[in-house]
Ligand code: ATP
Ligand code: MG
Ligand code: MG
Ligand code: MG
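In my numbering, the protein residues as written are 3 to 464.
See below:
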């Protein structure tokens, strides 16, 4: 079953206009990347732009969650259901239908099109939302409607922007997958899989955090394609599906060791990061030391580090692009057009990092032996500055050891370097400023951007 198409056809039959996926780099400058299907419609929700005709839409939107409010970079490889890049199926109402129809459509799609067994479905509503609960009670037993707080059932795009209470549909993967609280709704475990979020768009949050009602209550929903594919294929992990396994099989061949789920995190990280880096490159984002290009660089270097851990010693990511294009190129045809360019850019970036990774890892290991609690900020800085290890990569390498980088020291060295660069700039004289600036960038600017290293799930967006 082509779930993507089935979803779009279903909502077209309900009077929705089907929209193409918008670019990963959004027009909205408050966001790093498009992180949900509603992003391209943000100004319609806020009322800045009049609602299109018909005032209902559906899409399959490519999303990246690797920074800002929604950041799943740290989850990748560790949970069965998070990716940095994923496709979000969504239907939207711009002041047209509201809770009643949104719930009716979702229920019909899930039970009649996807044919998921009713006895495996659960739903959550916001703790204050009697109305949504009453509507759901028409379809599902009350015991399986749970009320949750803001953390799980209040959705927002970023620190500012449209938001509202929401209601989510969960799929019960079976009692045998219940090991503890993390397997419950809202946790990162396996028993209850969140598949679909219906957001009742009612507010806009401003910079001070105040909520103002939107001109018209609207609907924004999002369902992860990869999760639905996993459920339909009867797989516990998204990574076990046909969307990822062909890539993992290629990595297996390169590494020469079979992929085993239990200690296969590196394989999964590589498969995931291949998707986000390929799509970003194909859409024209390039490796750089700042902004989105630096996020791209960080993602690729993380993947390379995982390949290195699996024993790979030369560029490999670029060789996986063909497999990904086979899986996704028919739907995203620009992948085919950009295939060779993407491979070249990726290979160059891999070469750059492979040139220093061994020495960097050696330095890291040596320091690790000496480390009790805080990993030296000076060594993290050297790794960053000399060996091209973004700070978050070093942090990631320390994570399973329960260790942290001495951030204060790292920041101090970073600041010193910035000042050195500034001083050198001032002394350069203004006659050939441009040339000197270029030289400076080459000398100092190599890795001087750390802004996004410090972005956490709850911190600023851009
Ligand atoms: P989770 O609680 O699992 O992290 P979420 O509540 O953050 O998901 P939403 O913001 O509600 O996710 O997004 C709507 C839907 O998009 C989710 O129900 C899920 O199906 C899908 N989704 C969200 N994040 C990811 C991700 N990182 N990878 C794959 N699918 C995702
Ligand atoms: Mg999440
Ligand atoms: Mg959730
Ligand atoms: Mg959710």
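Cβ atoms here follow ideal geometry from the backbone N, Cα and C, with glycine treated the same way.
For residue 249, the secondary structure class from DSSP, reduced to helix, strand or coil, is helix. Look at residue 40 here: in three-state DSSP terms it is coil, with no helix or strand label. Residue environment analysis places residue 186 among the exposed positions, since fewer than 16 neighbouring C-beta atoms fall within 10 angstroms of its C-beta. In this chain, the alpha helix (DSSP H) harbouring residue 296 covers 293-311. Residue 386 sits in a helix when the DSSP states are folded into three classes.
Residue 268: not part of any beta strand (DSSP E); member of the alpha helix (DSSP H) spanning 267-284, first to last residue. In this structure residue 373 does not touch residue 382 by the C-beta definition: roughly 11 Å separates them, more than the 8 Å allowed.
The set of residues whose C-beta lies within less than 6 Å of a heavy atom of ligand 3 reads, in chain order, 154 and 196.
With 16 or more other Cβ atoms from the protein chains shown falling within 10 Å of its own Cβ, residue 309 counts as buried.
Distance from the CA atom of residue 274 to the CA atom of residue 85, rounded to whole angstroms, is 6 Å. Residue environment analysis places residue 64 among the buried positions, since at least 16 neighbouring C-beta atoms fall within 10 angstroms of its C-beta. Judged by their CB atoms, residue 48 and residue 206 are nearer to each other than the 8 Å cut-off. Cβ neighbours of residue 410 within its own chain (closer than 8 Å, five residues either side excluded): 379. Within its own chain, the residues whose Cβ lies closer than 7 Å to the Cβ of residue 192, once the five positions on either side in sequence are excluded, are 82, 175, 179, 185 and 238, listed in chain order. Check the Cα spacing between residue 402 and each of 79, 255 and 58: the tightest is with 79.
Secondary structure at residue 381: helix, using DSSP grouped into helix, strand and coil.
Placement of the Cβ of residue 159 at a distance of 7 Å or more from every heavy atom of ligand 1 is found. With respect to the C-alpha of residue 74, the residue from 246, 3 and 271 having the closest C-alpha is 271. CA-to-CA, the gap between residue 97 and residue 167 works out to about 16 Å. Taking the Cα of residue 158 as reference, the smallest distance to any Cα among 367, 240, 321 and 38 is reached at 38. In the same chain as residue 414, and ignoring 5 residues on each side of it, the C-beta atoms closer than 8 Å to its own belong to 379, in chain order. Here residue 57 is buried: its Cβ has 16 or more other Cβ atoms, across all protein chains shown, within 10 Å.
As summarised for the segment 122-163, the continuous alpha helix (DSSP H) elements at least 4 residues long and confined to that stretch are 132-138 and 152-155, given in chain order.
In the three-state reduction of the DSSP assignment, residue 86 falls in the coil class, being assigned neither a helical nor a strand state. By the neighbour-count criterion, in which a residue is buried when 16 or more other Cβ atoms sit within 10 angstroms of its Cβ, residue 313 is exposed. Between the alpha carbons of residue 148 and residue 173 lies a distance of about 13 Å. 8 Å or more divides the Cβ of residue 11 from the Cβ of residue 94. Taking C-beta separations shorter than 7 Å and ignoring five residues to either side along the sequence, the partners of residue 345 in its chain run 320 and 323, following chain order.
Straight across, the Cα-Cα distance linking residue 217 with residue 362 is about 54 Å. In this structure, the CA atom of residue 386 is about 18 Å from the CA atom of residue 405. Pairing residue 70 with residue 160 gives a Cβ-Cβ distance under 8 Å. DSSP places residue 194 in the uninterrupted beta strand (DSSP E) bounded by 194-207.
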